[in-house]
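Heads up, the thing below is written out as structure tokens.
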Amino acid sequence: MRILASMVVRARLFCSDSRCAAAFEAVGPLDELEALACSCGGGLEIIGFPDEGERPSHGRFELFALAA
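Residues 560 to 627, numbered by our numbering, are exactly what the sequence shown covers, in order.
And the structure:
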């Protein structure tokens, strides 16, 4: 299972706090993405992964705010 946690992925994340509308797209190891928190204090939930053709290159971590 450790192999899956360290796999670099691109994911879409939303704030778990219903009062916050923050949305992000992130690239990085899955275990790091699962630990991200929103600036409001809520946790960020992974809600999906783009298609195979959109996979990032290995060794990178990026977080992008999505337009609301």
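We put the CB at the ideal spot given by N, CA and C, even for glycine.
Where residue i sits in the DSSP three-state scheme
i, result
"Glu591", "helix"
"Gly600", "coil"
"Ala582", "strand"
"Leu572", "strand"
"Leu625", "coil"
Of the listed residues the options, nearest to residue i (C-alpha basis)
i, options, result
"Arg571", "Ser577, Leu595, Arg578", "Leu595"
"Ser575", "Gly601, Ala624, Val586, Leu589", "Gly601"
"Leu589", "Val567, Phe623, Ala624", "Val567"
Nearest-angstrom Cβ-Cβ length linking residue i and residue j, presumed shorter than 8 Å
i, j, result
"Phe623", "Glu584", "5 Å"
Beta-carbon spacing of residue i, residue j below 8 Å
i, j, result
"Ala582", "Leu625", "yes"
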